[in-house]
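Numbering (the numbering used here), first residue to last: 1 to 98.
Just so you know, even glycine gets a beta-carbon here, dropped at the ideal spot from N, CA and C.
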């Protein structure tokens, strides 16, 4: 099931959560590209990659079950891009093998 948002101590059901995500993600301007220019430590980049990866693999948290596969793939590519730009591709690969 697709759970994630809590309202009045009740977890939303899959159909409701899909509707919420669908509504938010289809709002005007959500398809516009945004250029991000920021600096973060390698530690933060590594942790961000881990959070994105775990979130994409986790079932029942709402995201993987409720959004298009294309968006999940784009998130994975963003994570991989951050890791590569921080020069930690090999480190991240070795950590996954543990």
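Spatially closest choice to residue i from the options, by CA coordinates
i, options, result
"residue 13", "50, 65, 42", "65"
"residue 54", "38, 28, 76", "76"
"residue 69", "56, 78, 81", "56"
"residue 85", "37, 23, 30", "37"
"residue 74", "18, 27, 33", "33"
"residue 15", "98, 63, 82", "63"
Residue i (DSSP reduced to helix, strand or coil)
i, result
"residue 32", "coil"
"residue 49", "helix"
"residue 98", "coil"
"residue 88", "coil"
"residue 57", "helix"
"residue 93", "helix"
"residue 2", "Low local confidence applies: a pLDDT of 48 at residue 2 is under 50, so the model's placement there is unreliable, and no value is given."
Contact check, residue i vs residue j, beta carbons under 8 Å
i, j, result
"residue 46", "residue 88", "yes"
"residue 49", "residue 92", "yes"
"residue 67", "residue 25", "yes"
is_contact[residue i, chain C] using C-beta, thresh 8 Å
i, result
"residue 32", "Protein chain content of the structure displayed is limited to a single chain, and chain C is not contained in it."
Through-space distance from residue j to residue i, alpha-carbon basis
i, j, result
"residue 80", "residue 58", "18 Å"
"residue 23", "residue 29", "12 Å"
"residue 20", "residue 27", "11 Å"
"residue 96", "residue 71", "23 Å"
"residue 83", "residue 44", "10 Å"
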